[in-house]
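Enquirer:
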Amino acid sequence: MEIRKSQLADLDILMKMYEGARSFMTSHGNPSQWGNSYPPKPLLARDIEEGNSYVCEEQGKVVATFYYKLGKDDTYAKIYEGQWLDDSPYGVVHRITSNGTVRGAATFCLNWALKQCGNLKIDTHRDNMVMQHMLDKNGFTYCGIIYSEDGTERLAYQKKIG
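Using this note's numbering, the letters of the sequence shown correspond one by one to residues -8 to 153.
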C-alpha cells in the first residue's frame, strides 16, 4: 500500500467512499456521527486544496482516505475527564475511512500518519465501536473527552512513538 496526497480528480471516489462509510456506520450502531451527508464535498475539496487530504492506494486503486495535519487542532485545546499524554507537538487524523476491500488499510494510514509526526491525536464518536476497537488494537491511549466544532462529544485518543 502507498499513501499520497489526494487530488481534486479523486473527489468523486472519496464521496462514494464516505457514502459507503456512513452506511457501514449506521449498520454498526453509529448512525449519528456522520449523519446522511458528512463530510460535504466542499469540505473535502478544501482539504485537498490545503494539502491535508490523503489517500491510500493498493495496486493503483484508492482503498482508504483520511485528513492529516501536523499542528494544533483547536478542538483538542480542552480535554475533559482525562488528559493528553503530553503537550508536545502533534499531528491529527480526521475522517479516516476505507472502502473495505483491503484488510488493514485504515491501520496502514494511521501508522503512516504516526511516522510523520511521532505523536498522533485522533477522536471518534462514542457509538463508533469499530473505530474505538481499531484504536485500542493499534496501541492508542484513551485520554478523555473533547467537543467537536459543532459541540458534539468525542472520545479522544493519543499515541506516541520514540
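Even for Gly, the Cβ is constructed at its ideal location relative to N, Cα and C.
Cutting at 8 Å between CB atoms, please list the residues of its own chain near C108, excluding the five before and the five after it.
Expert: Taken in chain order, the residues that qualify are L61, P80, Y81 and G82.
Enquirer: Identify every run of the beta strand (DSSP E) within the segment 72 to 104, keeping only runs that are complete inside it and at least 3 residues long; order them along the chain.
Expert: The qualifying runs are 82 to 89.
Enquirer: Put S44 into one of helix, strand or coil per three-state DSSP.
Expert: S44: strand per DSSP, three-state reduction.
Enquirer: Of the residues L2, P22, L146 and T92, which one's Cα is nearest the Cα of C45?
Expert: Rather than Cys, the amino acid found at residue 45 in this sequence is Tyr. Nearest option by C-alpha distance: L2.
Enquirer: Does the distance from the CB of C47 to the CB of A96 come in under 8 Å?
Expert: In this structure, A96 lies closer than 8 Å to C47 by Cβ.
Enquirer: Roughly how many angstroms lie between the CA atoms of N129 and P33, to the nearest whole one?
Expert: Spanning the two alpha carbons is a distance of roughly 31 Å.
Enquirer: From this set, D127, H116, I137 and D78, which residue's C-alpha is nearest T17's C-alpha?
Expert: Looking at the Cα atoms, H116 is the closest of the given residues.
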